[in-house]
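Chemist:
In our numbering, the protein residues as written are 3 to 212.
#1: Confirm, please, whether the CB-CB distance from residue 148 to residue 84 is below 8 angstroms.
#2: Quick one: give me the first and last residue of the alpha helix (DSSP H) that residue 75 is part of.
#3: Consider the Cβ of residue 170: report whether some Cβ of chain C lies at a distance smaller than 8 angstroms.
#4: Using C-beta distances below 7 angstroms, list every residue in its chain close to residue 203, excluding the 5 sequence neighbours before and after it, in chain order.
#5: Going by other Cβ atoms of all chains shown within 10 Å of its Cβ, with 16 needed for buried, is residue 159 buried or exposed?
#6: Report back the beta-carbon spacing between residue 192 and residue 185 to the nearest angstrom; my notes put them in contact at under 8 angstroms.
#7: Does the contact criterion of 3 or more C-beta pairs under 8 angstroms hold for the stretch 98–118 versus the stretch 166–177?
#8: Less than 8 angstroms between C-beta atoms, sequence neighbours within five positions excluded: which residues of the same chain meet that for residue 60?
#9: Helix, strand or coil for residue 1, going by three-state DSSP, please let me know.
#10: From the DSSP output, in three-state form, read off residue 203 for me.
#11: What are the start and end residues of each continuous alpha helix (DSSP H) run of 4 or more residues lying completely inside the stretch 86–146, in chain order?
#12: Is it true that the stretch 124–136 meets the stretch 41–52, where meeting means three or more beta-carbon pairs spaced less than 8 angstroms apart?
#13: For residue 197, which three-state DSSP category applies?
#14: Between the Cα of residue 117 and those of 166, 46, 23, 70, spot the shortest distance and give me the residue it belongs to.
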């Protein structure tokens with residue numbers, strides 16, 4: 003049930019220490035999605051929730067710190083969405099791989115500003131523990147998918163690593179091409195109303211991982 007405080011403007015609510023950090027993260031993501039990374043500053047995030055301009059520095063240090071924590075949160079959410087999609091797909095390996103690919107594309111479509119930030123390594127602090135751990139978690143999902151695929155021959159660590167990167171390259175590359183509109187001509191040239199999602203499954207189906 004909604005309470006009186008639920009209807010208060012965000013800027014007027016008192017914050018506890020942990021609440022303020024999350025509120026700043028939420029506002030930073032809102033700015034990313036509505037106005038782009040160029041509009042996101044510490045001052046803009048603070049202004050958006052009605053706190054002093056120095057408040058973000060207490061939690062993130064500087065803008066790079068805020069962006070890095072936001073990117074880490076994005077990678078954690080991406081990994082969680084991939085795992086959920088894989089588990090919902092059942093046990094058949096190809097269906098699980100397809101589900102991972104569709105979930106990856108869907109995440110980028112649903113969170114375009116956040117997804118763009120996650121790719122902007124020059125704006126992030128790669129040494130931040132949270133970002134390192136989140137990246138490892140995402141990559142591990144891809145490694146697991148490759149490792150569970152049946153194989154007639156033993157696969158070396160090199161083979162598994164290469165296949166994981168190959169899958170990541172395919173899924174990520176297709177996602178970027180779709181977001182940038184690079185596939186419109188290809189889709190328009192095909193008979194019938196082929197969606198990017200349907201075409202993605204055909205693309206993935208054309209690639210065989212040993």
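Ideal Cβ placement from N, Cα and C applies to all residues, glycine included.
Modeler: In this structure, then:
#1: In this structure, residue 148 does not lie closer than 8 angstroms to residue 84 by Cβ.
#2: Where residue 75 is concerned, the enclosing alpha helix (DSSP H) stretches over 65–90.
#3: Absent from the structure: chain C. Only one protein chain is present.
#4: If we look at residue 203 and ignore the five residues flanking it on each side, its Cβ neighbours are 100.
#5: Exposed is the call here.
#6: The Cβ separation is near 10 angstroms, so there is no contact.
#7: Touching, yes, given that three or more Cβ pairs across the two stretches are closer than 8 angstroms.
#8: If we look at residue 60 and ignore the five residues flanking it on each side, it has no Cβ neighbours.
#9: Nothing can be reported for residue 1: it is not among the residues displayed for the chain, which extend from 3 to 212.
#10: DSSP places residue 203 within a helical segment (H, G or I) once states are collapsed to three.
#11: The stretch 86–146 contains these whole alpha helix (DSSP H) runs: 95–112, 114–121.
#12: Not touching, per the Cβ criterion.
#13: Coil.
#14: It is 70 whose Cα lies nearest to the Cα of residue 117.
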